[in-house]
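Student:
Residue numbers (UniProt numbering): 1 to 262.
#1: Can you have a look at residue 33 and say buried or exposed, based on whether 16 or more other CB atoms are within 10 angstroms of its CB?
#2: Residue 227 to residue 211, Cα distance in whole Å?
#3: Okay, do the segment 94-108 and the segment 78-85 touch, 3+ Cβ pairs below 8 Å being the bar?
#4: Mind listing, in chain order, the continuous alpha helix (DSSP H) runs of no fewer than 4 residues lying wholly within the segment 216-244?
#5: Would you decide whether residue 271 is buried or exposed? Buried here means 16 or more other CB atoms lie within 10 Å of its CB.
#6: So, at 7 Å on beta carbons, what are the nonlocal neighbours of residue 124 in its own chain, with the 5 sequence-adjacent residues on each side left out?
#7: Beta-carbon within less than 8 Å of residue 215's beta-carbon, same chain only, minus the 5 sequence neighbours each way: which residues are those?
#8: Are the beta-carbon atoms of residue 15 and residue 51 separated by less than 8 Å?
#9: So for residue 214, helix, strand or coil by DSSP?
#10: To which residues of the same chain is residue 154 closer than 7 Å at the C-beta, ignoring the five residues directly before and after it?
#11: Could you name the residues that DSSP lists as bridge partners for residue 201?
#12: How would you call residue 248, buried or exposed, if buried means at least 16 neighbouring beta carbons within 10 angstroms?
#13: Output the distance between the C-alpha atoms of residue 171 and residue 162, rounded to the nearest integer angstrom.
#14: Measuring only the C-alpha atoms, how far is residue 187 from residue 193?
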């Protein structure tokens, strides 16, 4: 039996997905894409209230496994647009569709689509030895997996352009200084920090956090008036939640709240 390319662990309200092709630096092939889609579908219906994405071994993810793209002489060029639509675009959309906070625990190099997969998460924590590389320019491609959308919004157009055209590695410390990620931690502290934060988030009013994800996702393209209308509509949903009622009751009774994510 072949080894699973994505490991799924669900405990304490936290779903941890581990990319598991360490011999290939967790580069994606067709099998990993299929297993990742299945894993995200499982997480969505599992009752988990926070998701953590990390990698096995010395890399987080180095994007596409180019060994799967070697073309024999005489074969037609692959349709990479179709491949993106079937695989990476579906992956990013499934990730964004989760009704819970999503954390990336970047344990090593995150390159190409692997870097943009990490940056698509809500909160990114990276080990000090980790690094981020927009490596597409090294093989004649453009950044994908949402990279051209998210990276300029994180670090600005000037930095994003240079990173994508030069393919320079950004250290975890530099990524934190630039606001590309939330936090850089010592290697041995990565998973304890990420899982501790995930357990904390899983105990919070996760319906409200999911609605916050929706508001933030829309803010980049909305006008202020559109965003005010969206905030109104989402706040109406949050205001009818059990979590809001519990939060107010706990505040009035001066006790810790017991949120259920409903």
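Glycine included, each C-beta is placed from N, C-alpha and C at the ideal position. It should be emphasised that the depicted structure is a prediction, and the values quoted were computed from it without experimental measurement.
Tutor: Looking at the coordinates:
#1: buried
#2: 13 Å
#3: no
#4: 224-239
#5: Because residue 271 is not part of the residues shown, which for the chain are 1 to 262, the question remains open.
#6: 104, 106, 118, 181, 182
#7: 227, 230, 231, 234
#8: yes
#9: helix
#10: 119, 179, 180
#11: Its beta-bridge partners do not exist; DSSP assigns none.
#12: exposed
#13: 15 Å
#14: 10 Å
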